[in-house]
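In my numbering, the protein residues as written are 49 to 419. In this text, a Cβ means the ideal position worked out from N, Cα and C, and glycines have one as well.
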Amino acid sequence: MSPSPSGLAFAEASLLARARRRLLGDGLARACAALLAVVALACLLGPFVTGHPYDRLYYDYPGVPPSLALYPKPEAVGPALDRLALRMRVRAEDVAVTGEAVRLTLASDRPIDDRVLTFFSRSDTFGEARLLGRSEDGRRLTVEAPLRALRFLAGTDALGRDLLTRTLTAGRLSLALGLMATAVALGIGVVYGALAGTLGGRVDAAMMRLVDILYSLPFVFFVIMLVVFFGRSVALIFVAVGAVEWLDMARIVRAEAQAIRRRDYVRAAEALGLSTGAILRRHVVPNLLGPVVAFAALMVPRVILLESFLSFLGLGVQEPATSWGVLIADGARSLETAPWMLIVPASFLVASLLALTLLGERLRDALDVRG
Numbered sequence: 049m050s051p052s053p054s055g056l057a058f059a060e061a062s063l064l065a066r067a068r069r070r071l072l073g074d075g076l077a078r079a080c081a082a083l084l085a086v087v088a089l090a091c092l093l094g095p096f097v098t099g100h101p102y103d104r105l106y107y108d109y110p111g112v113p114p115s116l117a118l119y120p121k122p123e124a125v126g127p128a129l130d131r132l133a134l135r136m137r138v139r140a141e142d143v144a145v146t147g148e149a150v151r152l153t154l155a156s157d158r159p160i161d162d163r164v165l166t167f168f169s170r171s172d173t174f175g176e177a178r179l180l181g182r183s184e185d186g187r188r189l190t191v192e193a194p195l196r197a198l199r200f201l202a203g204t205d206a207l208g209r210d211l212l213t214r215t216l217t218a219g220r221l222s223l224a225l226g227l228m229a230t231a232v233a234l235g236i237g238v239v240y241g242a243l244a245g246t247l248g249g250r251v252d253a254a255m256m257r258l259v260d261i262l263y264s265l266p267f268v269f270f271v272i273m274l275v276v277f278f279g280r281s282v283a284l285i286f287v288a289v290g291a292v293e294w295l296d297m298a299r300i301v302r303a304e305a306q307a308i309r310r311r312d313y314v315r316a317a318e319a320l321g322l323s324t325g326a327i328l329r330r331h332v333v334p335n336l337l338g339p340v341v342a343f344a345a346l347m348v349p350r351v352i353l354l355e356s357f358l359s360f361l362g363l364g365v366q367e368p369a370t371s372w373g374v375l376i377a378d379g380a381r382s383l384e385t386a387p388w389m390l391i392v393p394a395s396f397l398v399a400s401l402l403a404l405t406l407l408g409e410r411l412r413d414a415l416d417v418r419g
């Protein structure tokens, strides 16, 4: 007598309930899930609270190190004024920093036009200047300008962009790419591999020969061809990664399905007259959950690293968009002069990869029906 549909649903629900109880009771799994949630929320909401647009260039602060203190620092006000005076073609004299403002005299060999004060508001160090006095000949102006209070918790890159904001913004694209490409690989690879392993025979041989043919195509050449015909875009990365990563998933699922197909309980189900679809739902798919979920959790960091490789070659994400891979590539080139440019995005990437790997192992153990 074959199991009823209600019995199959109850068995699947019991498997999921048992896996949920195991995960909730595993401290390491909870810690990894919490870390991933924190990183995801930081990447989603962080750029709105850092106070810096991700593409804003602060020309007065290129390559500044991480600091909890506010900028500008007292010793940097003088050089900033000298640079500003040079642009205005005047001299900065009698400079006095008072609290959150600076008072100075602008001097020149000819009368000074008041419009030069707009240079203050255009700078990253000072706000809108206020004219306090003028000499009779117009060659000396006494002005006062507020100091812009800026904070760069993770420093800035070589162009003066806030590194923390760019890292959080890059995390959105990297995590989205990893999750979506993994979902595509799962959807195609699990169905393809399970069918090949369960049906067996000539159907299995033909399906796996197609996988071998796709494996033989050079990945970089495939991406270059896509770029030539469709141009560079984020969607192109999804297509390129999704077209390759499902092949590994299909092979893993096929091998597991073939092993499960030889089990006694599967043969008993066949003898009882269960259809191929029922056997897949009741026996093959539940027993595949552990390896599939573990491999999927490991595939996310693989996809992120693959995107980094493509971006390094100039085939992936292009400015002004960014990703962890792009930031790490930029940081590697500035390692000696600005090590924080590598450490900050690499820390986010390593933390995410480690949490995904450990969580994948715990998910595999929790979904192990033999446990």
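- Bridge pairing for residue 195: 174 [DSSP].
- Taking a C-beta distance under 8 Å as the contact criterion, residue 258 and residue 305 do not qualify as a contact pair.
- Judged by DSSP in its simplified three-state form, residue 296 adopts helix.
- The way I'd put it, the stretch 291 to 298 does touch the stretch 237 to 255; three or more beta-carbon pairs between them come closer than 8 Å.
- Counting only runs of at least 4 residues, the stretch 90 to 162 fully encloses the following alpha helix (DSSP H) elements, listed from N- to C-terminal order: 122 to 136.
- Shown here, residue 210 sits in a strand according to DSSP, grouped into three states.
- About 17 Å separates the beta carbon of residue 207 from that of residue 95, a gap too long to meet the 8 Å contact definition.
- Here DSSP, grouped into helix, strand and coil, assigns residue 407 to helix.
- Residue 221 holds the alpha-carbon nearest to the alpha-carbon of residue 87 among 221, 365, 291, 286.
- Given a length threshold of 4 residues, each whole run of the alpha helix (DSSP H) inside the stretch 361 to 414 is given here in chain order: 372 to 381, 388 to 414.
- Rounded to the nearest whole angstrom, the CA to CA distance from residue 229 to residue 154 is 59 Å.
- The closest CA to that of residue 146, considering only 98, 192, 173, is found on 192.
- A check of alpha carbon separations from residue 163 across 200, 150, 178 identifies 178 as the nearest.
- Setting aside the 5 residues that flank it on each side, residue 287 is surrounded in the same chain by 274, each with a C-beta closer than 7 Å to its C-beta; the list follows chain order.
- For residue 274, the enclosing alpha helix (DSSP H) starts and ends at 267 to 278.
- At least 8 Å separates the beta-carbon of residue 119 from that of residue 174.
- For residue 316, the enclosing alpha helix (DSSP H) begins and ends at 312 to 319.
- At the C-beta level, residue 293 and residue 351 come within 8 Å of one another.
- Classified as buried, residue 210 has 16 or more neighbouring CB atoms from the shown chains inside 10 Å of its CB.
- Beyond the five residues adjoining it in sequence on each side, residue 180 comes within less than 7 Å, by CB distance, of 190, 191, 192 in the same chain, given in chain order.
- Judged by DSSP secondary structure, residue 205 falls outside any alpha helix (DSSP H); it is assigned neither H nor E.
- Between residue 138 and residue 152, the beta carbon gap of about 10 Å keeps them out of contact (Cβ cut-off 8 Å).
- Close CB contacts of residue 346 within its chain, under the 8 Å cut and outside five residues either way in sequence, are with 404, 405, 408 (chain order).
- The Cβ atoms of residue 219 and residue 396 lie closer than 8 Å to each other.
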